[in-house]
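Encoded as structure tokens, the structure appears first; notes follow it.
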Amino acid sequence: MRKLVAMTLLSLTVASGAVAQMDHTSMDHSSMPMAEDMVHAPATLNAIGDGTINVSHGPIAEIGWPAMTMDMPMMEGVTLPEGMQPGDEIIMMLGQDHEGMYAIGGVAAAE
Ligand SMILES: [Cu+2]
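What follows is the structure in structure tokens.
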């Protein structure tokens, strides 16, 4: 329990440091967006590629996308949860890169 509290305090410290950095006028737009800024959308995982995943998703109103099946690039360093495989229902977290292109910043198993 004591360890958990210490870890929570550490992550709060890191988070507030990140916020201070984001407020800076020379903000680096190529940095990975924070999870809470991402659009969360349910999808079916069809195939796992090299740095991409193929998904079928419904309409995503937040970003004006219709339902489609597509290859989505994954942001650098993003990996799938252990044991995830084609056919699984997922929640994809979409963020924009510095050119405004959407890419996957995180994947979670759908509940
Ligand atoms: Cu799509």
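The sequence shown lines up with residues -20 to -1, 1 to 91 when you count with mature numbering (1 follows the signal peptide of the UniProt record, and there is no 0).
Glycine is no exception: its CB is placed at the ideal position from the N, C-alpha and C atoms.
Here the structure is a predicted model, which is why all the values come from computation and not from measurement.
With distance defined between alpha-carbon atoms, name the residue in the options nearest to residue i.
i, options, result
"N26", "M52, W45, I40", "M52"
"W45", "L60, E56, L74, G86", "L74"
"E56", "A83, V19, T24", "A83"
"I43", "M64, D17, G86, A90", "D17"
"G31", "E91, V58, M50", "V58"
"G65", "Q76, M54, G29, V19", "Reading the sequence as shown, one finds Gln at residue 65 and not Gly. The shortest C-alpha separation from Q65 is found at G29."
"T24", "D68, G63, H78, M54", "D68"
"H20", "I71, Q76, P39", "I71"
"I40", "M54, P22, L60", "P22"
At which residues does the beta strand (DSSP E) containing residue i begin and terminate?
i, result
"G67", "Taken as a continuous stretch (DSSP letters only), G67 belongs to no beta strand (DSSP E), as it is neither H nor E."
"H37", "32 to 37"
"P53", "48 to 53"
"I84", "82 to 89"
What's the call for residue i, buried or exposed, on a 16-neighbour Cβ count within 10 Å?
i, result
"A88", "exposed"
"M54", "buried"
"G38", "exposed"
Provide the residue(s) that pair with residue i in DSSP beta bridges, ordered along the chain.
i, result
"H20", "M73"
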